[in-house]
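What follows is a short report on a single structure.
Residue numbers (my numbering): 130 to 555.
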């Protein structure tokens with residue numbers, strides 16, 4: 130009988146994937162204890178049943194794979210260096226650039242427990258460092274207190290991604306670091322962080338385009354060069370023909386995955402929760418219009434405010450767009466928005482002057498939104514939902530847009546004892 134720390138992830142020759150704990154085995158069969166597992170074809174879960182599987186049917190086994198997406202990264206890294214295809218048919222599986230497999234490679238060849246632990250530690254470290262570096266220019270002398278408040282709120286939104294090993298955790302930290310270096314005008318470091326984020330997930334392109342447009346003169350040509358360099362990195366592989374094949378398969382895979390049949394926690398999931406189901410063409414038009422609106426408000430913030438205000442507005446609006454208009458936004462993705470939401474919440478908390486103050490209401494809303502990123506299921510009585518997080522993101526967007534429109538931003542946040550200067554709208 131085998132004893133494992135966590136359940137394993139099994140891949141059958143047919144491509145079916147499931148998780149379970151090995152509770153016994155013979156020379157020909159595994160005895161697997163499965164529990165609450167949803168397969169990729171959305172079939173009903175198997176609840177605490179022992180399933181016997183022939184060892185000859187098992188194609189791959191990933192140790193410690195339950196409730197973890199790292200086996201998918203591990204598999205891709207191994208296949209990359211074996212010059213085998215990383216991409217499968219359908220809308221699930223490895224949905225990243227080839228650079229993602231290279232990025233994960235140093236972890237893939239470690240013992241399983243060390244691999245899982247170090248990957249999560251890297252994400253948590255990037256997140257903590259990014260929040261700390263943003264607190265300094267945004268809060269000045271009050272940055273230690275602001276970091277305490279914001280990091281506590283960010284931690285809530287990060288719990289799911291940290292448990293599952295999602296790259297969302299790493300992306301959130303990298304976006305925060307890029308924003309901090311935008312404020313500090315360290316342009317090449319901004320490009321470096323953004324390229325790492327793009328290697329983690331293709332959706333980082335949203336932030337790259339926004340930053341390239343708003344910081345046009347210092348960043349556009351640097352980002353263009355950085356993208357060329359990032360695109361060339363996979364050709365370090367000894368077989369250039371294989372690299373070209375993977376790029377082609379990547380494009381095919383992402384095209385198929387861009388219109389998933391399942392609901393996610395984006396604008397489509399929000400609308401469907403209220404019995405509105407627009408067609409895919411209408412959704413594409415909405416996403417395109419939302420991209421224009423996001424860019425427009427980033428430009429408006431850039432014209433009205435200098436740094437650090439315009440940088441934090443860009444981070445916030447970019448993260449909101451990613452959550453609401455990426456057709457594959459999962460609940461765990463919201464840690465990316467959790468960083469700016471926590472920073473805004475910290476600002477409102479530190480600015481409260483009396484109990485019945487409008488800042489108290491805004492602070493309460495932002496704290497509730499940060500908490501909902503982890504506890505949305507509890508809010509709906511234990512039932513899975515597709516509306517709590519996106520509705521919170523939409524309300525947060527209205528809050529941020531109102532601040533830009535009314536020119537009442539309070540970034541950088543000032544100590545109450547400071548006397549405001551006549552030109553201190555930034």
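For glycine and all other residues, C-beta sits at the position ideal for the given N, C-alpha and C. Just so you know, these numbers come straight off a predicted model, no measurement behind them.
Check                                                                                                    : Outcome
Extent of the continuous alpha helix (DSSP H) run through residue 310                                    : 297-312
Exposure label - residue 299; buried when at least 16 CB within 10 Å                                     : buried
Residue 252 vs residue 302 beta-carbon contact at 8 Å                                                    : yes
Collapsed DSSP secondary structure at residue 486 in the structure displayed                             : coil
Local Cβ density within 10 Å of residue 452, reported as buried at 16 or more and exposed below that     : buried
For residue 414, three-class secondary structure by DSSP                                                 : helix
Given residue 187 as reference, the closest of 367, 139, 218 once Cα atoms are compared                  : 139
Where residue 148 sits in the DSSP three-state scheme                                                    : strand
C-beta atoms of residue 520 and residue 399 nearer than 8 Å                                              : yes
Under 8 Å between C-beta atoms of residue 343 and residue 439                                            : yes
Element boundaries [alpha helix (DSSP H), containing residue 481]                                        : Element bounds for residue 481: n/a, residue is neither H nor E.
C-beta atoms of residue 227 and residue 209 nearer than 8 Å                                              : yes
For residue 90: DSSP bridge partner residues                                                             : The chain is shown only over 130 to 555; residue 90 falls outside these bounds and no answer can be derived.
Cβ contact check for the stretch 427-436 and the stretch 479-487: 3 or more pairs under 8 Å              : no
Residue interval of the alpha helix (DSSP H) (run including residue 293)                                 : 272-293
Selection from 384, 358, 346, 197 that minimises the alpha carbon distance to residue 220                : 384
Whole-angstrom C-beta distance between residue 492 and residue 470, which should lie under 8 Å           : Wrong, their Cβ atoms sit about 12 Å apart, outside the cutoff.
Per-residue burial, residue 467 [other beta carbons within 10 Å of its own, 16 or more giving buried]    : buried
Three CB pairs or more closer than 8 Å across the stretch 272-290 and the stretch 311-324                : no
Three-way DSSP call (helix, strand, coil) for residue 140 in this model                                  : strand
Integer Cβ distance of residue 275 from residue 264, believed to fall under 8 Å                          : 5 Å
According to DSSP, residues forming a beta bridge with residue 190                                       : 139
Segment limits, alpha helix (DSSP H) that includes residue 375                                           : 369-386
Burial state of residue 183 (16 or more Cβ within 10 Å)                                                  : exposed
Nearest to residue 501 (by Cα), restricted to the options 487, 461, 535                                  : 461
Identity of the residue in 421, 378, 447, 391 nearest residue 217 by Cα                                  : 378
Buried/exposed call for residue 310, threshold 16 Cβ in 10 Å                                             : buried
8 Å Cβ cutoff met for residue 204 and residue 479                                                        : no
Beta carbon of residue 423 nearer than 8 Å to that of residue 450                                        : yes
Residue 423 - DSSP class collapsed to helix/strand/coil                                                  : helix
Cβ-based burial, residue 202 [other Cβ within 10 Å; buried from 16]                                      : buried
Residue 294 vs residue 190 beta-carbon contact at 8 Å                                                    : no
CA-to-CA distance, residue 235 to residue 405, given in whole angstroms                                  : 45 Å
Check whether residue 455 and residue 395 have beta carbons under 8 Å apart                              : yes
Which of helix, strand or coil DSSP assigns to residue 360                                               : helix
Continuous alpha helix (DSSP H) assignments of at least 4 residues falling wholly in the stretch 202-240 : 227-237
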